[in-house]
Amino acid sequence: MKHLLMAGGILLVAAPGEAVPTIADVPALAKAAVARRIDVPASAIHILAAKPSSKMPGFVVCGRVDGTSGPGGESTPEAERFFVIIPGDFAILDQDGKSLVDTYWFENHCE
Numbered sequence: 001m002k003h004l005l006m007a008g009g010i011l012l013v014a015a016p017g018e019a020v021p022t023i024a025d026v027p028a029l030a031k032a033a034v035a036r037r038i039d040v041p042a043s044a045i046h047i048l049a050a051k052p053s054s055k056m057p058g059f060v061v062c063g064r065v066d067g068t069s070g071p072g073g074e075s076t077p078e079a080e081r082f083f084v085i086i087p088g089d090f091a092i093l094d095q096d097g098k099s100l101v102d103t104y105w106f107e108n109h110c111e
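Residue numbers (UniProt numbering): 1 to 111.
Shown next as structure tokens:
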């Protein structure tokens, strides 16, 4: 079953019609994924680590966003961490659960 899932993941990464991202593409793709989740300027999104994933096809990105908006739209001075999986542009943020981001950061050696 593990090999079947791995093969399926590789097929998703290499789907026709879209070029497979390279490490050079990763920072821009990660920033776009985060920007879709929260309304901040690109200059507020800082990539701390971008590297090939050791657990799945593609890349993982860890970073921080300065001056994010709180639940009511108010600005917060505290930086918010994020984790993005490329391809797929799956972004999770501290606002989704700090322990969830902690887990992804730990598992992918972000700190």
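Using N, Cα and C, we set each Cβ at its ideal position, and we do this for glycine too.
Everything numeric in this text was worked out from a predicted model, so none of it was measured.
Would you mind stating whether residue i and residue j have Cβ atoms separated by less than 8 Å?
i	j	result
Ile-86	Val-26	yes
Val-65	Phe-83	no
Thr-61	Ala-50	It should be noted that the sequence gives Val, not Thr, for residue 61. Yes, they are a contact pair.
Asp-89	Ala-33	yes
Lys-31	Ala-42	yes
What does residue i pair with, by DSSP beta-bridge criteria?
i	result
Val-60	Lys-51, Ile-85
Leu-93	Phe-82
Leaving aside the five residues before and after residue i along the sequence, list all residues of the same chain whose C-beta is less than 7 Å from its C-beta, in chain order.
i	result
Ala-79	Arg-64, Val-65, Asp-66
Gln-95	Glu-80
Gly-97	none
Considering only residues of the same chain and omitting the five flanking positions on each side of residue i, which have a CB-CB separation below 6 Å?
i	result
Cys-110	Ala-49, Cys-62
So is the beta-carbon of residue i under 7 Å away from any non-hydrogen atom of the ligand PLP?
i	result
Ser-53	The model depicted lacks the ligand PLP and carries no ligand whatsoever.
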